[in-house]
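A.B. asks: Count along the sequence shown starting at 1, add 6, and that's the number in my numbering.
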Amino acid sequence: MPEPYWPKRKGPPYRLSDAEGVARYALIQCRYCKLRRYVPLEDLRRLFGNIECDAVIYERNWRCTKCGTPGCLEMSIENPPAGKGEFVIRRLHDIKVKSWPVWKDERGG
């Protein structure tokens, strides 16, 4: 009988605060339309908290801003190129929170 697959986790999880010691930016790229954006790791940590780096693109069901396809983003920790190539840095401007009213009916009388 074949041996079952078990995830191989050794050591503590690699979190966003750990990645800030290596680089300052995360490259988030779409697999389909190849849109590339560099996002500061401190902005990601402020938005999501100190979560694992692998969980960032699965948090809150991110979609590509160009093609709108869900589940097509991939992330790597690296700094922008130092050459003359063009790149875009996406910074966190504001966090907006939506709130919905919750109603409860009560009987009078």
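Yeah, the Cβ is synthetic: ideal placement off N, Cα and C, and Gly gets one too.
At which residues does the beta strand (DSSP E) containing A32 begin and terminate?
C.D. replies: Y31 to C36
A.B. asks: On the three-state DSSP scale, how would you describe L47?
C.D. replies: Helix.
A.B. asks: CB-CB under 8 angstroms to E26, same chain, minus the five flanking residues each way: which ones, in chain order?
C.D. replies: L47, E48 and R51
A.B. asks: Kindly list the residues whose CB is nearer than 7 angstroms to the CB of K72, restricted to its own chain and excluding five residues on each side of it in sequence; keep chain order.
C.D. replies: Non-local beta-carbon contacts of K72 in its own chain, meaning distances under 7 angstroms to residues more than five positions away in sequence, involve C36, C39 and L41 in chain order.
A.B. asks: Given a threshold of 16 other Cβ atoms within 10 Å of its Cβ, counted over all protein chains shown, does A61 qualify as buried or as exposed?
C.D. replies: Looking at its Cβ environment, which holds fewer than 16 other Cβ atoms inside 10 Å, A61 is exposed.
A.B. asks: Whose C-alpha, out of K90, H99 and L22, is nearest the C-alpha of G178?
C.D. replies: Past the boundaries of the shown model lies residue 178; the chain is included only from 7 to 115, so the question cannot be answered.
A.B. asks: Put S23 into one of helix, strand or coil per three-state DSSP.
C.D. replies: helix
A.B. asks: Just confirm the distance between the C-beta atoms of V45 and A32, as a whole number of angstroms; I'd bet it's less than 8 angstroms.
C.D. replies: 5 angstroms
A.B. asks: Beta strand (DSSP E) containing L98: first to last residue?
C.D. replies: Taken as a continuous stretch (DSSP letters only), L98 belongs to no beta strand (DSSP E), as it is neither H nor E.
A.B. asks: Are the beta-carbon atoms belonging to T75 and R66 less than 8 angstroms from one another?
C.D. replies: No. Outside cutoff.
A.B. asks: For I95, which option in D111, I101, N85 and K104 has the closest C-alpha, if you only look at C-alpha atoms?
C.D. replies: N85
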